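Report on one structure; see the data block that follows.
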Amino acid sequence: VEEASQIVRLLKEGAESVAAAMIWTENQEQIIQSHLSILSQVDSAIGVIVPEGQDSGAFERTLEARGTRECFFSVSLPSSQAFFKTRLLRVDRDEFFFAIPEVLYKVQRRAALRLPVPDGHVLKVEHASPVDPFQRVTHRAFDLSAVGISLLISGEETPFYEPASVLQQLSF
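Under my numbering, the residues of the sequence shown are numbered 1333 to 1504, in order.
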């Protein structure tokens, strides 16, 4: 993906869902397992949470010792897996800030092509609750495909939604 608006849309989706992110330096000298926290178009930056126990300055010092600020990302977006290279802009105590990449590689995780919900639109899905089939619940959809749908669910709902779950009494 090279179109800036698509890159921003994907990373915004990742920040809104606090997507898991793995960041590493060349030769994997430093590897950080974390989550996206914010996408700032004003600053052209992606925020990443500094994991508990991580020395935020150690990552920056490793990059500086190599004479670069470039690092590599793998982000588990709700709709796909994204890979890109970018540069560290700054480090705060609780967050790393990286430049929005110019190129992003996206890998589909489903067998069928995903059709994302366009920006500015909301697709709500109503279905029988997996806990109480007589109760209906509503979730926001990220995308649709011929074989599935990607929903935004809360952390407390996670145990009730396994990958490849079959939703009952589905309506849009």
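Here a beta-carbon is modelled for each residue, glycine too, at the ideal position from N, C-alpha and C.
Computed from a predicted model, the values in this text were never measured in an experiment.
What are the start and end residues of the beta strand (DSSP E) that includes residue i?
i, result
"Ala1336", "Element bounds for Ala1336: not the beta strand (DSSP E) but the alpha helix (DSSP H), 1336 to 1348."
"Thr1418", "1413 to 1423"
"Phe1504", "Where Phe1504 is concerned, there is no enclosing beta strand (DSSP E), given that its DSSP letter is neither H nor E."
"Glu1427", "1427 to 1431"
"Leu1516", "Because the chain in this structure spans residues 1333 to 1504, residue 1516 falls outside the shown range and cannot be described."
Quick test of your reading: residue i and residue j, contact by CB under 8 angstroms. State the CB separation rounded to the nearest angstrom.
i, j, result
"Gln1365", "Pro1383", "7 angstroms"
"Leu1484", "Ser1349", "7 angstroms"
"Phe1474", "Val1498", "About 18 angstroms separates the two Cβ atoms, so there is no contact after all."
"Asp1451", "Arg1341", "6 angstroms"
Can you check which of these residues, the options, is closest to residue i by C-alpha distance?
i, options, result
"Gly1385", "Asp1375, Ser1372, Asp1426, Leu1483", "Asp1426"
"Ser1461", "Phe1474, Phe1429, Leu1476, Ser1503", "Ser1503"
"Ala1414", "Gly1452, Arg1422, Arg1393, Ile1339", "Ile1339"
"Leu1371", "Glu1345, Glu1335, Ala1336, Ala1496", "Glu1345"
"Ile1355", "Ser1337, Glu1335, Ile1381", "Ile1381"
"Ala1336", "Ala1431, Phe1466, Arg1393", "Ala1431"
For the alpha helix (DSSP H) containing residue i, name the first residue and the last one.
i, result
"Arg1472", "Element bounds for Arg1472: not the alpha helix (DSSP H) but the beta strand (DSSP E), 1468 to 1477."
Leaving aside the five residues before and after residue i along the sequence, list all residues of the same chain whose C-beta is less than 6 angstroms from its C-beta, in chain order.
i, result
"Arg1401", "Leu1395, Arg1419, Leu1420"
"Phe1416", "Phe1405, Pro1433, Leu1436"
"Ala1351", "Leu1368, Val1407, Ser1408, Leu1409"
"Val1333", "Ile1339, Leu1436, Lys1438"
"Ser1482", "Pro1410, Ser1411, Phe1474, Asp1475"
Could you tell me whether the Cβ atoms of residue i and residue j are closer together than 8 angstroms?
i, j, result
"Arg1398", "Glu1458", "no"
"Leu1476", "Leu1447", "yes"
"Val1423", "Ser1388", "yes"
"Phe1429", "Ala1377", "yes"
Please list, in chain order, all residues of the same chain as residue i whose beta carbon is under 8 angstroms from its beta carbon, the five residues on each side excluded.
i, result
"Val1454", "Arg1472"
"Ala1347", "Leu1368, Ser1369, Ile1370, Leu1371, Ile1378, Gly1379"
"Tyr1493", "Pro1462, Leu1483, Ile1485"
Sorted by chain position, which residues of the same chain lie with C-beta nearer than 7 angstroms to residue i's C-beta, five sequence neighbours on each side aside?
i, result
"Gln1373", "Val1340"
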